[in-house]
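**Q**
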């Protein structure tokens, strides 16, 4: 009897694990892009930043080639992102982004390619900034959250 109960419980747990809805990476990629670009808008604030950070693991790794070659993941990765991104919030006076491509890689990640048109004032040196860039972000997923971000310029 104990064997049947154990077997039944094991099957129930197994089926419930498979019944969990898999993450739709196409939809998640769109949400990620929309939430990430919202942090760059001229009126972006803590609300937009926290919505973006909610998509990330606590130990997020972030690599921005060639400026930030280190791809280490640390326990305070999300807090480091919060600090770094807070410094630049509201620096743009104009921001437009266009999603060019989305690529999904099974259930482990996706890449988004997009074009940014930016104008603003650099928060540190107070100099005007203006640029257009095409970016490729390669995103790795763990347990339904972004665990690694790798940014490349075209």
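In our numbering, the protein residues as written are 33 to 186.
Glycine included, every Cβ here is placed at the ideal spot set by N, Cα and C.
#1: Quick check on residue 126: buried or exposed, where buried means 16 or more other Cβ atoms within 10 Å of its Cβ?
#2: With DSSP run on the structure shown, which of helix, strand or coil describes residue 84?
#3: By the DSSP assignment, the alpha helix (DSSP H) with residue 67 in it spans what residues?
#4: Report the three-state DSSP secondary structure of residue 163 (helix, strand or coil).
#5: Could you tell me the boundaries of the alpha helix (DSSP H) in which residue 116 lies?
#6: For residue 176, is the classification buried or exposed, using 16 other Cβ atoms within 10 angstroms of its Cβ as the cut-off for buried?
#7: Give a yes or no on contact between the segment 127-138 and the segment 79-89, applying the rule of three or more CB pairs nearer than 8 Å.
#8: Is any heavy atom of the ligand NAP found at a distance shorter than 8 Å from the C-beta of residue 181?
#9: Please list, in chain order, all residues of the same chain as residue 65 whose beta carbon is under 6 Å from its beta carbon, the five residues on each side excluded.
#10: What whole-angstrom Cβ distance do residue 141 and residue 172 have, given they're in contact under 8 Å?
**A** Taking the structure as given:
#1: exposed
#2: helix
#3: 57-70
#4: strand
#5: 109-120
#6: exposed
#7: no
#8: The ligand NAP is absent from the structure shown, which contains no ligand whatsoever.
#9: 131, 144
#10: 5 Å
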